[in-house]
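Input: a single structure, listed below in structure tokens.
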Amino acid sequence: MKQQNDDSIILQDLMFYGYHGVMPEENKVGCRFLLNVICGLDLSKAANSDELDDTISYELLFNSVRDAFEQKQFKLLEAVAQHIIDQLFATYPQINWVKIKLFKPEAPIPVATGQFGVKLFRERNNG
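The C-terminal residue of the sequence shown carries number 484 in the numbering used here, and the numbering is unbroken.
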């Protein structure tokens with residue numbers, strides 16, 4: 358039985374400043390967001406060739422994530438995460454799936470500690 362390929366590129370603990378939120382003050386003042394992105398793709402060619410052309414540059418991937426995050430304002434974390442996924446699929450045809458965890462540590466909710474966030478997993482629709 359052949360095992361499914363679990364290769365992935367991981368961008369972990371990225372921190373961005375953004376203006377996403379339901380409250381009007383969030384759209385004006387903004388706050389920090391923490392982001393983890395895992396992109397599933399076949400890395401066997403790059404692993405054997407040791408050539409950047411056989412994979413996706415981490416820098417280019419980071420730039421795509423950052424640009425998608427900053428491109429427009431959203432009310433919901435779910436919408437921000439989906440927009441990032443859509444942009445990654447549109448830009449990199451070799452990506453088969455994306456998992457995103459997006460946290461808003463300074464959400465306007467009175468709590469002493471902790472974070473609020475979402476996790477989205479999407480597979481490329483080849484149909």
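Backbone N, C-alpha and C define an ideal beta-carbon position, used for all residues, glycine too.
Contact between the segment 365 to 377 and the segment 394 to 401 is present, with at least three C-beta pairs closer than 8 Å. Bounds of the alpha helix (DSSP H) holding residue 384 are 381 to 386. For the options 478, 457, 461, the alpha carbon positioned closest to that of residue 471 is the one of 461. In this structure, the CA atom of residue 474 is about 36 Å from the CA atom of residue 408. For residue 479, the enclosing beta strand (DSSP E) begins and ends at 473 to 480. Residue 375 is bridged by DSSP to 388. The continuous stretches of alpha helix (DSSP H) do not include residue 431, and DSSP gives it neither H nor E. Sequence-distant Cβ neighbours of residue 456 in its own chain, meaning closer than 6 Å and more than five residues away, are 395, 478.
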